[in-house]
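So the protein sequences, as listed, match chains A and B. Following numbering that gives the first Met the number 0, the numbering of the first sequence begins with 0 at its first residue and continues without gaps. Following numbering that gives the first Met the number 0, the numbering of the second sequence begins with 0 at its first residue and continues without gaps. The beta-carbon is built from N, C-alpha and C at its ideal position, and this holds for glycine as well.
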Amino acid sequence: MAFLDESLFKNLFYHHYDRIYTGFYKKTNSLEVAQDLTQITFMKLWTYRDQFSQDISHEKQIFRKAKLVLIDWLRKEANQRKLIAEIQQNLPLAFTTSTSDLKEELNLAIDKLPPARKKVFIMAYLEGYSHKEIAEELNISVKTVDAHVLKSLQQLRKLLALTSLLFFIFNK
Amino acid sequence: MSSNQFDQDKISRFMSNESSSEEANEVADFLSNSTSELDKILVFEKITNDEIISLTLVEKDEIMRTIIPSKVPKIHLWKKWAAAACLIGALSIGGYYILFQDKNDTGIQISTIQSKKLVDNYSRIEKLYSFPDSSTAILQHNASLEHAHDFLVNRTIHQLTGDVYYAVQKDSIHAFQVLANGIITTAIGTEFRVRNHAKNNQVEITLVEGKVKLSSVDVDFAMDDIYLDPGQVCFIDKTSGKISIDMIREEHVRASKSSVNGIAPSSVNTAGIIWTNTEIQFNKVKLENVFKRIESQYGLKINYVDTGVANSLVTGKILRSDSLETILKSICEINQLTFEINQNTIYIKRK
Numbered sequence: 000m001a002f003l004d005e006s007l008f009k010n011l012f013y014h015h016y017d018r019i020y021t022g023f024y025k026k027t028n029s030l031e032v033a034q035d036l037t038q039i040t041f042m043k044l045w046t047y048r049d050q051f052s053q054d055i056s057h058e059k060q061i062f063r064k065a066k067l068v069l070i071d072w073l074r075k076e077a078n079q080r081k082l083i084a085e086i087q088q089n090l091p092l093a094f095t096t097s098t099s100d101l102k103e104e105l106n107l108a109i110d111k112l113p114p115a116r117k118k119v120f121i122m123a124y125l126e127g128y129s130h131k132e133i134a135e136e137l138n139i140s141v142k143t144v145d146a147h148v149l150k151s152l153q154q155l156r157k158l159l160a161l162t163s164l165l166f167f168i169f170n171k
Numbered sequence: 000m001s002s003n004q005f006d007q008d009k010i011s012r013f014m015s016n017e018s019s020s021e022e023a024n025e026v027a028d029f030l031s032n033s034t035s036e037l038d039k040i041l042v043f044e045k046i047t048n049d050e051i052i053s054l055t056l057v058e059k060d061e062i063m064r065t066i067i068p069s070k071v072p073k074i075h076l077w078k079k080w081a082a083a084a085c086l087i088g089a090l091s092i093g094g095y096y097i098l099f100q101d102k103n104d105t106g107i108q109i110s111t112i113q114s115k116k117l118v119d120n121y122s123r124i125e126k127l128y129s130f131p132d133s134s135t136a137i138l139q140h141n142a143s144l145e146h147a148h149d150f151l152v153n154r155t156i157h158q159l160t161g162d163v164y165y166a167v168q169k170d171s172i173h174a175f176q177v178l179a180n181g182i183i184t185t186a187i188g189t190e191f192r193v194r195n196h197a198k199n200n201q202v203e204i205t206l207v208e209g210k211v212k213l214s215s216v217d218v219d220f221a222m223d224d225i226y227l228d229p230g231q232v233c234f235i236d237k238t239s240g241k242i243s244i245d246m247i248r249e250e251h252v253r254a255s256k257s258s259v260n261g262i263a264p265s266s267v268n269t270a271g272i273i274w275t276n277t278e279i280q281f282n283k284v285k286l287e288n289v290f291k292r293i294e295s296q297y298g299l300k301i302n303y304v305d306t307g308v309a310n311s312l313v314t315g316k317i318l319r320s321d322s323l324e325t326i327l328k329s330i331c332e333i334n335q336l337t338f339e340i341n342q343n344t345i346y347i348k349r350k
């Protein structure tokens with residue numbers, strides 16, 4: 000029997016929120032990220048409430064949901080690292096900025112990509128889809144996916160090269 | 000090494016956020032598809048009561064409403080919040096302050112109401128943050144602040160911890176305020192710095208440009224309003240009650256003790272750069288240095304016939320989204336120069 004009504008959900012939320020929040024904070028070292036991930040966890044719990052089971056401990060189910068959210072985030076982080084490393088290889092400068100600064104730069108730069116290309120790029124690099132999977136999901140050829148990813152990398156390198164150049168230039 | 004051991008190392012790296020991308024995708028897929036494996040990973044299970052970070056009931060209410068919207072009209076919710084926080088005809092800021100100053104801490108009390116934006120910096124270098132109205136803040140290591148989402152009309156910032164340098168966008172209708180340890184700094188079109196030494200019960204405000212008014216909202220600390228002039232720094236010790244106002248010295252103005260990445264406040268006396276999300280402002284940087292770097296990094300030659308050019312100081316601002324040509328154009332325009340790109344050489348001359 001699967002059932003999670005509003006009152007039970009609220010109970011679970013108030014009871015478990017802090018522990019989930021703390022767990023995320025310990026793993027991400029950011030209050031902001033921890034808050035986001037906790038909210039996502041409970042939102043998912045509520046959205047998929049018809050999958051909730053009364054036969055398994057409530058806490059176990061919540062922890063499972065939270066872990067899946069954490070795994071998603073960790074996957075994204077690893078993919079971002081790879082992306083940053085690739086882009087750094089081709090930049091003309093040695094970077095003196097910290098990775099977290101570069102991540103911010105990177106996100107701003109990704110935001111500037113044209114929409115279709117951006118979608119493909121995010122699926123490939125931040126969400127871990129293979130080019131084949133993306134092609135199927137978006138109903139385009141694998142070649143198109145390859146081209147989008149390649150062009151995105153080129154554009155990002157250019158954008159980041161310029162900002163890193165200026166960053167470096169004005170550094171005394 | 001058995002294959003089981005191998006997998007465990009991969010999983011351990013992944014959970015410590017140290018995997019390569021390929022490994023991460025592999026482990027993520029593996030864990031997502033096996034409930035038993037997922038249950039083996041201990042994250043939330045092993046947190047002790049001492050470690051728990053709590054939100055208040057009021058804060059959780061706000062978050063809950065984003066998941067299951069309440070059918071009650073918003074104004075009643077506000078009243079409920081106010082009542083719950085035991086405010087008596089007080090500003091939300093004052094009430095918020097009371098929440099934060101709860102002395103009955105068993106764990107760490109972190110106030111993070113969902114309707115507020117929390118900005119923190121736990122990286123090792125300064126972090127730049129742009130407010131919705133284009134004001135900026137440079138947060139030092141371990142600094143944190145919060146503001147409401149309707150920042151364009153409510154420019155009140157609660158500086159929770161640490162050292163933050165503010166550059167305020169002029170808006171004479173909406174006062175820009177920073178609340179730190181019971182002291183409110185009110186500013187209009189200025190640049191100033193607030194250091195919240197909460198542990199020592201001290202606050203220090205440095206005014207670089209413009210005007211600020213300092214007032215106390217702490218019921219236990221009475222203070223006449225203080226108006227600072229540019230170049231003054233005010234140090235408030237709430238324990239001894241001593242308030243001192245001095246002239247700025249160099250160490251008050253520099254936002255960072257280490258010369259990291261050229262981030263410096265754009266005060267009249269200090270050369271350097273200020274970065275925001277959208278633009279770069281530079282103040283008195285030697286043109287010669289600029290050219291040298293462009294040369295070596297782009298593999299171009301820059302030819303400046305008139306040596307007088309090289310020593311001039313560049314002051315101005317450029318947008319990050321601009322191309323190299325646009326940037327050269329800006330630099331040249333500001334300094335009465337022209338440039339020409341011919342194959343791999345940039346020729347720069349006085350106008």
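Query                                                                                                                                                                                                     : Result
For the stretch 30-40 of chain A against the stretch 65-72 of chain A, do three or more pairs of beta-carbon atoms, one drawn from each stretch, fall closer than 8 Å, so that the two count as touching? : yes
For chain A, is any of its Cβ atoms less than 8 Å away from the one on T189/B?                                                                                                                            : no
Taking C-alpha atoms, which residue in V118/B, H148/B, T155/B lies nearest to H140/B?                                                                                                                     : V118/B
Taking the alpha carbon of T135/B as the point to measure from, which residue in E190/B, N120/B, D170/B has its own alpha carbon closest?                                                                 : E190/B
Any heavy atom of the ligand COA closer than 7 Å to the CB of K157/A?                                                                                                                                     : The ligand COA is not among the ligands present in this structure, which contains no ligands whatsoever.
Identify whether Y124/A lies in helix, strand or coil by the three-state DSSP scheme.                                                                                                                     : helix
Could you work out which residue in K25/A, R74/A, G22/A is closest to L181/A when comparing CA atoms only?                                                                                                : As shown, chain A starts at 0 and ends at 171. That puts residue 181/A outside it, with no answer to give.
Taking its Cβ as the centre, do 16 or more other Cβ atoms sit within 10 Å of D38/B, making it buried, or is it exposed?                                                                                   : exposed
Out of A146/A, E76/A, L11/A, D54/A, point me to the one whose CA is closest to E22/B's CA.                                                                                                                : E76/A
Please identify the residue among Q168/B, V216/B, M222/B, I156/B whose C-alpha is closest to the C-alpha of V361/B.                                                                                       : This structure leaves residue 361/B out entirely; chain B is present only between 0 and 350.
With distance defined between alpha-carbon atoms, name the residue in L7/A, A33/A, S52/A nearest to F43/B.                                                                                                : A33/A
Could you check what DSSP says for D145/A in three-state terms: helix, strand or coil?                                                                                                                    : helix
I want to verify the contact list: residues of chain A whose CB lies under 8 Å from the CB of K9/B, in sequence order.                                                                                    : Near K9/B there are no residues of chain A at all, since even the closest Cβ is about 11 Å away, more than 8 Å.
Cα-Cα, which of D4/A, Q50/A, Q153/A, S29/A is closest to L105/A?                                                                                                                                          : Q153/A
With a threshold of 8 Å between beta carbons, is M122/A in contact with chain B?                                                                                                                          : no
I'd like to check one pair, K169/B with I351/B: are the Cβ atoms closer than 8 Å?                                                                                                                         : Residue 351/B lies beyond the stretch modelled for chain B, which goes from 0 to 350, so this question has no answer here.
May I have the straight-line CA-CA distance separating D236/B from L286/B, to the nearest angstrom?                                                                                                       : 44 Å
Could one say the Cβ of K9/A lies closer than 8 Å to chain B's Cβ atoms, at least one of them?                                                                                                            : yes
So, does the CB of S31/B fall closer than 8 Å to a CB anywhere in chain A?                                                                                                                                : yes
If I'm right that I204/B touches L227/B with Cβ under 8 Å, what's the distance once you round it to whole angstroms?                                                                                      : 7 Å
Hey, would you say I61/A sits closer than 8 Å to L155/A, going by beta carbons?                                                                                                                           : no
To which residues of the same chain is N268/B closer than 6 Å at the C-beta, ignoring the five residues directly before and after it?                                                                     : In this predicted model, N268/B has a pLDDT of only 31, less than 50, meaning its place in the structure is not dependable enough to derive any value.
On the criterion of 16 or more Cβ atoms from any shown chain inside 10 Å, does S69/B qualify as buried, or is it exposed?                                                                                 : exposed
Using DSSP bridges, identify the partner residues of L144/B.                                                                                                                                              : V118/B, Q158/B
If I measure Cβ to Cβ from F2/A and keep anything under 7 Å in the same chain, skipping five residues before and after, which residues do I get?                                                          : F51, Q53
Of all the residues that make up the stretch 56-67 of chain B, which are near chain A by a beta-carbon distance shorter than 8 Å?                                                                         : L56, K59, I62, M63, T65, I66, I67
Under the assumption that I46/B contacts R18/A (Cβ atoms under 8 Å), give the Cβ distance between them as a whole number of angstroms.                                                                    : 6 Å
Return helix, strand or coil for L206/B, following the three-state DSSP convention.                                                                                                                       : strand
Identify, in the order they occur along the chain, each residue of the same chain with its Cβ nearer than 6 Å to the Cβ of V232/B, setting aside the five sequence neighbours on each side.               : T205, D245, I247, H251
Among the residues of its own chain, which have a CB less than 7 Å from the CB of T160/B, if the five just before and after it don't count?                                                               : N141, A142, S143, N195, A197
Below 9 Å on C-beta distance, what does Q38/A contact in chain B?                                                                                                                                         : I62, T65, I66, Q113
Using the C-alpha atoms, what's the distance from V57/B back to S19/B?                                                                                                                                    : 41 Å
Roughly how far, in whole angstroms, is the beta-carbon of K111/A from the beta-carbon of L158/A, given that I think they are within contact range, below 8 Å?                                            : 7 Å
What first and last residue would you give for the beta strand (DSSP E) that runs through E50/B?                                                                                                          : No beta strand (DSSP E) contains E50/B, which DSSP labels as neither H nor E.
For R152/B, count neighbouring Cβ atoms within 10 angstroms of its own Cβ and tell me buried if that reaches 16, exposed if not.                                                                          : Just to set this straight, residue 152/B is Val in the shown sequence, not Arg. It counts as exposed.
DSSP puts M246/B in a beta bridge; with which residues?                                                                                                                                                   : Q231/B
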